[in-house]
Every structure is written in structure tokens, then in C-alpha cells.
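Everything on this sheet refers to the single structure shown next.
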Amino acid sequence: MAELEKDCLFCKIIRGEVPSYTVFENNDVKAFLDISQVTKGHTLIIPKKHLVNFFDYSQEDAARFLQYIPLVAQAIKKSDPTIKGMNVEVNNGEIAGQVVMHSHIHLIPRRGENDPISTPHVNNADKYSEDDYQAVANAIKIIYNISNFPFNAV
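Residue numbers for the sequence shown follow our numbering, beginning at 180 and rising by one.
As C-alpha cells, then:
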């Protein structure tokens, strides 16, 4: 396990220095119950390579590590017939709420009306014109040159 950091909590979990409730593990990723259990079954998936967040991912990293999201999500859903949906969340950077600076994906099962969480999204559609939307889309295309990605959907 070469690419791990000495003082990172999740790297310590990967090395077995900190206990976890593992639900899936292979050479690429480890999935374990989040200690906070926002809802029962709340699971984290982490790469077994120290990457701070998605801004550090190469396309190879994404292909290698993110392919397990559906597998773990499906296993969580199959574990409990009361699960009706799931939030798949990534907090990228402190400003976005990332607490542990090792890339991780939250899989938070949703059961319905009694869930203790709500999605914090706001609808700002009335603040954007067609020109505004096009300007933002164009800026992203230019900055990130999406047209060169192999999975180009544009």
C-alpha cells in the first residue's frame, strides 16, 4: 500500500490501524459504515490511494475507483427493504463540507418521511436567462476542454 499518507484517518483505516465496519474491500477501494450513521446503512467508499478529493483524480483514477459505487449502493439497498432511495454525496474541499481530506463518497440510504435529513439545494432557475446558462456552459467547456474527454457526451 504505497500511496498512503502517515497521518490521514482514512489511510489509517486502510492500513488497519483504526477499526472500521467494512462492507466491501478489494485492491482498489474500501467501503465501510460512516461512524455518524446519518441514516442506518450510511456507508463511505474510499480509494486505497491517497487522493484529497475529485480535483486530484486522473481519468485512470476515476475509472479505477468510482466503478464500485453502483455495486456498494445496490448491496446497501438489498440489505433493507425499507430503503426507497439513496443520496450519493461528495464534499469536495473544506468549503463544500469535506472534513477528512481523503477522497470519499457518502452513500446515505433514504427511507422516506421520517429521514432525519433533507437536501439543502435551492432552485435559482429564475435568476438565469438562456444567455446566462450558455455563458456558464461555454466557460466550463473552455476551461476544462470537455470536448477532448473520451466520454464526450456533447
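Using N, Cα and C, we set each Cβ at its ideal position, and we do this for glycine too.
Which one or two residues does DSSP pair with residue i in a beta bridge?
{"i": "V208", "result": "P226"}
{"i": "V267", "result": "L286"}
{"i": "F203", "result": "A210"}
Using the Cβ count rule (16 or more neighbours within 10 Å means buried), how would you classify residue i?
{"i": "K306", "result": "exposed"}
{"i": "S308", "result": "exposed"}
{"i": "I274", "result": "exposed"}
{"i": "G220", "result": "buried"}
{"i": "F244", "result": "buried"}
{"i": "H281", "result": "buried"}
{"i": "I319", "result": "exposed"}
{"i": "S237", "result": "exposed"}
{"i": "P299", "result": "exposed"}
{"i": "S199", "result": "buried"}
{"i": "V333", "result": "Residue placement at V333 is flagged as unreliable, the pLDDT there being 43, under the threshold of 50; a coordinate-derived value is accordingly withheld."}
{"i": "P153", "result": "Outside the modelled stretch of the chain, which goes from 180 to 333, sits residue 153, for which no answer is possible."}
{"i": "Q313", "result": "exposed"}
{"i": "I193", "result": "buried"}
{"i": "K185", "result": "exposed"}
With distance defined between alpha-carbon atoms, name the residue in the options nearest to residue i.
{"i": "V208", "options": "P198, K228 and I214", "result": "K228"}
{"i": "N205", "options": "C187, I214, Y247 and A252", "result": "Y247"}
{"i": "Q253", "options": "A210, Y200 and K320", "result": "A210"}
{"i": "P288", "options": "P226, Q277, F234 and I262", "result": "I262"}
{"i": "V269", "options": "H283, K257 and D259", "result": "H283"}
{"i": "D240", "options": "E182, A316, N317 and V301", "result": "E182"}
{"i": "V202", "options": "I319, K257 and G291", "result": "K257"}
{"i": "F189", "options": "V278, D259, D310 and Q313", "result": "V278"}
{"i": "D294", "options": "N303, A242 and Q216", "result": "Q216"}
So residue i and residue j are in contact, right, with Cβ under 8 Å, and what is the actual spacing, rounded?
{"i": "T218", "j": "I255", "result": "Contact flag wrong, Cβ pair sits at about 10 Å."}
{"i": "I224", "j": "V251", "result": "6 Å"}
{"i": "N232", "j": "G272", "result": "6 Å"}
{"i": "V267", "j": "L286", "result": "6 Å"}
Could you tell me the boundaries of the alpha helix (DSSP H) in which residue i lies?
{"i": "K306", "result": "Taken as a continuous stretch (DSSP letters only), K306 belongs to no alpha helix (DSSP H), as it is neither H nor E."}
{"i": "D259", "result": "It is not in any alpha helix (DSSP H) - D259 carries neither H nor E in the DSSP assignment."}
{"i": "I192", "result": "L188 to R194"}
{"i": "F244", "result": "Q238 to F244"}
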